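A short write-up of the structure that comes next.
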Amino acid sequence: MNPWLLTYDGFDPAQEGLREALTTLGNGYFATRGAACEARADGVCYPGTYLAGCYDRLTSHVAGRPVDNEDLVNAPNWLPLTFRAGGGEWFSPGGGARILTWHRRLDMLRGTLSWVVRVRDRAGRTTCLEQRRLVSMDDPHLAALHVTVTPEDWSGPLEVRSALDGRVVNAGVARYRDLDGRHLVPVAAHASGGVAEVLVRTAASRVEIALAARTTMAGARPRPRAGRGLAGCDLAVEVRAGEAVHVEKVVAVHTSRDRAISSAAEAARAAVVWAAGFEELLARHTRAWERIWTRAHVASEDAEVQQILNLYAFHLLQTASPHVTDLDVGLPARGLHGEAYRGHVFWDELFVFPYLAPRFPEITEALLRYRWRRLPEARRAARAAGFAGAMFPWQSGSDGREETPALHFNPRSGRWLPDNSHLQRHVGLAVAYNVWRHYLATKDAALLAGFGGELLLEVARFFASLASFEGGRYSIRGVMGPDEYHDGRPGGAAPGLDDNAYTNVMTAWLMRRVLEASDLVGTVGPGGLTAQEAERFADMAARMRVCFHDGVISQFEGYGELAELDWERYRRTYGDIRRLDRILEAEGDTPNRYKASKQADVLMLFHLLGQDGLAEILTGLGYDWDAGAAERTVDYYLARTCHGSTLSAIVHAEVLARIRPGASEPFLVEALGSDVRDVQGGTTAEGIHLGAMAGVLSLFEPADPAG
Ligand code: BGC
């Protein structure tokens, strides 16, 4: 087995979405799913292309109310390239031709996707296609296709049809089908000779997206074609059986947000006219990947594991690539690989920094700058809610406002339900933790004195104002922890929980770090903290409240009073109970009533701080805490977590490896399989899970906890 290759044989409609996601090619500026270039979005194939940071907002009407959604936009499709023999039917995977061979191969070392396809049309003519594809890691605005067409047993006219298609919509996630996905407004489309151009504009954010393509085939004069939102050309030659014909398509993508351009359309046109041919683009692209791999590689002695590590590093670096240093983009939880979670940015970079910061600190710095540029919005959000500092949104997109949808859909019950997950204020703590991780990797004191320190301080100010001092301790009320299955007390008047241990302990951790940063460099951020703030932060570091029950940390106040779930019965009845929330809601019940968590919540503390770091904070808070309490706590939540997020296996694998190595293995296996085996039952087709992918890499090369 070659650990640099991921190969799939045969055209399997049920697997196509997953395969497309896992064979996506990208360069941080944009990415294109590994759909066949002859495919249309038809419920089986979904050729999506996503530009980092290119969002658009639309209002839809669901459950009798208007809801706003900001989506990562599915950009015009640059792939379309197909052929027909002797004036027959244009080939497409779901069409009338019989597919004899369908072999797809992702080469992670070189960053290419190739196909060998043999098809027999209705007239019995057999044609072999060998395709190679790249999305340039050398020049982030370029992509290219090379196709060798060989008529195996026929001679006659061969026609090739190449196009750019701007008529696409966002329709990659079935659950969102009630939401409007028509983000692209066609502006212009024309073709001249072998060069085609399509210009569209996003509906509300008014970003112009321009694509230009140059298609060539030796001996053929292109016949241009253009219509609304679509441009391309047809090329025709006479072929003889056994003689190969080569077709090349080079594509350029620009948007009106790019730097150093006059207009997106002109930039795309110039880029494609002056672009080198496929082989030269490939050589430069491969060299760019070689440079990345010298820093990215994580080694394993097991070839199968090595293949997975390569795949996960590959997809991570196609999203958070060295090119993001010149962009204003965050880390979309599901990559640039699909439309799940609408391309939003959550807290998942928390799982990415331990791997990325020591290897590519320029990339983690760029990701932190995405947050820093959105500080004004986070400050406004805090002010609007009556707090100080900066309140980062649980889901972030273009400008950093809260993008968490008001409603989410339960496919099991068919009901739209209120989504309270924006109460996960801990996302700000993740931003701060990432600043610290980046600092630990770089020892860059200027970061703490500059924008990184400003982030730390503004998040700390927010949590200081969120906390209330009651009965000698600081409490944080009305929030959610990482476990999304608990968004309120059973029968509670308002959503939200009190004293989520994860939030409170990480707040104590943050207060310590802000004070440490101030000691280290004499200031935190350009303004520094006042003496009054320093005093308050020190007090919070010593007096945050943590609740306990049965000798373990309570996930939140009152957790110990919840009912025990009949795990046996649910497993027997439903088999897979990862999405216990959907199961219970469909039964008219709610996970809020039970001691049953979606993912690691208390255990996140062990993961981020290490056992010693956690002990230091808890004893610093004046609580009795020892190794026995740690073990009891881990066991307690281990028995009450259903792992409805891929992040859960990462945390459990890592924490158990330190505390109870024997119990870690199944979680490691689950984590390794998260995307390659699509363990969450079909979610990878809608986008990869970047946090889990990067988390797996860290499991193999653990960083020290930042406790
Ligand atoms: C998890 C979150 C995560 C999000 C995006 C959810 O299922 O519960 O922790 O941030 O997915 O990956």
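Following my numbering, the numbering of the sequence shown begins with 505 at its first residue and continues without gaps. Glycine residues also receive a C-beta, built at the ideal position from the N, C-alpha and C atoms. It should be emphasised that the depicted structure is a prediction, and the values quoted were computed from it without experimental measurement.
Mind checking whether the beta-carbon of residue i lies closer than 7 Å to any heavy atom of the ligand BGC?
i, result
"Tyr845", "yes"
"Gly1195", "yes"
"Pro517", "no"
"Lys1102", "yes"
"Glu988", "yes"
"Trp658", "no"
"Ala837", "yes"
"Phe913", "no"
"Asp684", "no"
"Leu871", "no"
"Phe850", "yes"
"Leu1151", "yes"
Can you give me the Cβ contacts of residue i inside the same chain, cut-off strictly under 7 Å, excluding the 5 residues immediately before and after it?
i, result
"Val1028", "Leu952, Gly957, Leu960, Leu961, Val1018, Ala1021, Ser1022"
"Ala844", "Val677, Arg838, Thr1187, Glu1190, Gly1191"
"Tyr1140", "Val1056"
"Gly1177", "Val1183"
"Ser1149", "Lys1102, Gln1103"
"Thr1123", "Trp1129"
"Arg1144", "Lys1099, Ala1100, Ser1101"
Using C-beta distances below 8 Å, list every residue in its chain close to residue i, excluding the 5 sequence neighbours before and after it, in chain order.
i, result
"Tyr1074", "Ile1081, Leu1084, Ile1087"
"Ser1212", "What the structure shows of the chain is the stretch from 505 to 1211, and residue 1212 is not part of that stretch, so it cannot be assessed."
"Asn924", "Met984, Asp991, Gly992, Pro999, Gly1000"
"Leu1201", "Val802, Leu813, Tyr816, Ala817, Leu820, Tyr859"
"Arg905", "Glu881, Ala885, Pro897"
"Leu1024", "Ala949, Leu952"
Leaving out five residues on either side along the sequence, give the residues of the same chain with a beta carbon under 6 Å from the beta carbon of residue i.
i, result
"Ala540", "Pro597"
"Thr616", "Arg636, Leu638"
"Leu1069", "Tyr1098, Ala1100"
"Arg629", "Ala589, Trp658"
"Val1159", "Leu1107, Phe1110, His1111"
"Phe782", "Ala648, His650, Glu752"
"Arg981", "Asp1002"
"Asp642", "Arg788, His789, Ala792"
Rounded to a whole number of angstroms, what is the C-alpha to C-alpha distance between residue i and residue j?
i, j, result
"Val777", "His645", "13 Å"
"Leu970", "Arg887", "11 Å"
"Gly698", "Arg636", "20 Å"
"Ala716", "Arg773", "5 Å"
"Pro661", "Phe595", "15 Å"
"Tyr512", "His1156", "31 Å"
"Glu520", "Cys549", "6 Å"
"Gly557", "Leu820", "16 Å"
"Ala870", "Val935", "13 Å"
"Met612", "Arg838", "19 Å"
"Glu866", "Asp948", "12 Å"
"Met1015", "Gly893", "14 Å"
"Arg791", "Ala950", "33 Å"
"Cys1051", "Ser1058", "5 Å"
"Leu1151", "Leu1142", "14 Å"
"His1055", "Glu574", "Position check: residue 1055 holds Gly in this sequence, whereas His was assumed. Whole-angstrom Cα-Cα distance: 44 Å."
"Gly847", "Asp682", "18 Å"
"Leu651", "Glu1072", "With the sequence shown as reference, residue 651 is identified as Val, and Leu is not the correct amino acid for it. Approximately 54 Å, taken between the alpha carbons."
"Leu872", "Gly932", "12 Å"
For chain D, find out if any of its Cβ atoms is closer than 8 Å to the Cβ of residue i; answer yes or no.
i, result
"Glu881", "The chain inventory of the structure shown lacks chain D, comprising one protein chain alone."
Using a 10 Å radius around the Cβ and a threshold of 16 neighbouring Cβ atoms, would you call residue i buried or exposed?
i, result
"Leu1172", "buried"
"His565", "exposed"
"Asp762", "buried"
"His930", "buried"
"Gly1234", "Lying outside 505 to 1211, the shown extent of the chain, residue 1234 is not represented and no answer is given."
"Gly568", "exposed"
"Ala1034", "According to the sequence shown, residue 1034 is Thr rather than Ala. By the 10 Å Cβ count, Thr1034 comes out exposed."
"Arg744", "exposed"
"Pro584", "buried"
"Ser972", "exposed"
"Val1212", "Only positions 505 to 1211 of the chain appear in this structure, which leaves residue 1212 out of reach."
"Arg665", "buried"
"Leu604", "exposed"
"Ala1005", "buried"
"Arg799", "exposed"
"Ala997", "exposed"
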